[in-house]
């Protein structure tokens, strides 16, 4: 089994044609504007190119548990995990001490 995690595609998804929003709550207006701004700047892939990748996964002897479609997700995940690793490493001594280990 593989969990496919798609990136953005050049389709009508999230366009004015398919994306409808209520008036919203004023307290979230800035966040909504930020999210919509980020979505507009995302590089969108060719949906026709997806079939080959998916069929390759289906035929793979040892497919991955998770698979990104597109080139936007992996750099974002790298940045998030780099930040997490930095935090975990900064607190490593206390983490080890919680099990009676030093250093």
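In our numbering, the protein residues as written are 5 to 107. Quick reminder that beta carbons are idealized off the backbone N, C-alpha and C, glycines included. Predicted model only: the values in this text are computed from it and were never measured.
Endpoints, the alpha helix (DSSP H) within which residue i is located
| i | result |
| --- | --- |
| residue 98 | 96-101 |
| residue 34 | 33-44 |
Cut-off 8 angstroms between Cβ atoms - residues of its own chain near residue i, not counting five sequence neighbours on either side
| i | result |
| --- | --- |
| residue 6 | 61, 67, 68, 69, 70, 71 |
| residue 85 | none |
Unbroken beta strand (DSSP E) run spanning residue i, endpoints
| i | result |
| --- | --- |
| residue 59 | Taken as a continuous stretch (DSSP letters only), residue 59 belongs to no beta strand (DSSP E), being part of the alpha helix (DSSP H) at 54-63. |
| residue 9 | 7-10 |
| residue 73 | 70-73 |
Close-in-space but distant-in-sequence residues of the same chain around residue i (CB under 7 angstroms, 5 per side omitted)
| i | result |
| --- | --- |
| residue 102 | none |
| residue 48 | 12, 13, 14 |
Straight-line Cα distance separating residue j from residue i
| i | j | result |
| --- | --- | --- |
| residue 14 | residue 82 | 24 angstroms |
| residue 94 | residue 39 | 31 angstroms |
| residue 22 | residue 41 | 17 angstroms |
| residue 30 | residue 44 | 21 angstroms |
| residue 92 | residue 98 | 10 angstroms |
Close-in-space but distant-in-sequence residues of the same chain around residue i (CB under 6 angstroms, 5 per side omitted)
| i | result |
| --- | --- |
| residue 78 | 72 |
Touch check for the segment 48-60 and the segment 68-76: three-plus C-beta pairs under 8 angstroms?
Yes: at least three Cβ pairs fall under 8 angstroms.
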